[in-house]
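Here is the structure we will look at.
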Amino acid sequence: MGAINFDAPIPIFPLPNTVLLPRAVLPLHLFEPRYRDMADDVLPGARLVAMALLEPGYEEHYYTHIAAVHPVLCVGYVVRYERLPDRRCNLLLQGVTRAAIVREDQERSYRRGWLKPIPVTNNICPDTERQIRCKLARLLDAAPAFEETPSCALLQQVAGTCDLSLSDALDLLAFNLLPSPEARQVFLEQPDVLTRAEWLAHLLMKLHKPAGASPCVATANRRAARAIFEN
1 MGAINFDAPI PIFPLPNTVL LPRAVLPLHL FEPRYRDMAD DVLPGARLVA
51 MALLEPGYEE HYYTHIAAVH PVLCVGYVVR YERLPDRRCN LLLQGVTRAA
101 IVREDQERSY RRGWLKPIPV TNNICPDTER QIRCKLARLL DAAPAFEETP
151 SCALLQQVAG TCDLSLSDAL DLLAFNLLPS PEARQVFLEQ PDVLTRAEWL
201 AHLLMKLHKP AGASPCVATA NRRAARAIFE N
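In the numbering used here, the protein residues as written are 1 to 231.
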């Protein structure tokens, strides 16, 4: 894909329990009429969709353009799609970048908005970055609550590889490790790479605690979600 044109409105797909992070891949099934319209517009064009997390209390306004969403979202690119009968569609959407909603328009059946990219902040020197990658790989290897899952080896590789930027590697790890959409949203809203690295290291160290002390309990409370990283 080429550079994202932030001068044009980008489709916004709000969901209640889904947060996309850069580099992660999200499967989606589009079946509502408004999202069939979105697919008809997106797939022949730039193939960009921004995933937004709905705020609590969205239910009454779910089918409208006014259901409240978190203003920080992730712009994704459709890497693969499958057309189905009745204009339904399966998509694989890969996260590209963080962005914030500036304003929305009301011209389509689905939501669109003018977005502002959120630049990543990375002031980490190369030696410190290598130390961070090694530490995360070691923590993944040692976490008893995680070591037997099928994706552990892959995520260890992600933590240690230099093929991905550290920011992208952290986002991929967070997408797979964080226990709730609220926690992923907190992570998405943090542009600073070092802060995200410290959060993930802290979470992995908590996974070393004995059974019963695991922090991985989904919650709708943003304060509790943030506490996953801090307590």
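Backbone N, C-alpha and C define an ideal beta-carbon position, used for all residues, glycine too.
Report task. Would you kindly report the start and end of the unbroken beta strand (DSSP E) that includes Met51? Result -> If you look at Met51, you'll find it in the beta strand (DSSP E) that goes Leu48 to Leu53.
Query raised in the report: Using the rule of at least 16 other Cβ atoms within 10 Å of the residue's Cβ for burial, across every protein chain shown, is Ile66 buried or exposed?
Result: exposed
Query raised in the report: How about Phe6 and Leu115: do their beta carbons lie closer than 7 Å?
Result: yes
Query raised in the report: For Pro27, does the count of other Cβ atoms within 10 angstroms reach 16, so buried, or fall short, so exposed?
Result: exposed
**Report entry** Distance, Leu166 Cα to Arg133 Cα
**Finding:** 8 Å
Requested in this report: Give every residue of the same chain whose Cβ lies closer than 8 Å to the Cβ of Arg103, excluding the five residues on either side of it in the sequence, and list them in chain order.
Outcome: Gly113 and Trp114
Query raised in the report: If you run the structure through DSSP and keep just helix, strand and coil, what is Tyr77?
Result: strand
Query raised in the report: Which whole-angstrom value describes the C-beta separation of Leu54 and Pro16, a residue pair presumed to lie in contact below a C-beta threshold of 8 Å?
Result: 5 Å
Query - Among Pro179, Asp40, Lys206 and Pro22, the one whose alpha carbon lies nearest that of Ser109 - result: Selection Pro179, Asp40, Lys206 and Pro22 evaluated against Ser109 yields Asp40 as nearest (Cα-Cα).
Query raised in the report: In whole angstroms, what separates the C-alpha of Val19 from that of Asp168?
Result: 15 Å
Query raised in the report: DSSP three-state call for Glu104: helix, strand or coil?
Result: In the displayed model, Glu104 falls within a strand according to three-state DSSP.
Query - Contact set for Arg87: own chain, Cβ-Cβ below 6 Å, skip 5 residues either direction - result: Arg36
Requested in this report: Use the C-beta contact count for Gln131: other C-beta atoms within 10 angstroms, 16 or more gives buried, fewer gives exposed.
Outcome: Exposed is the call here.
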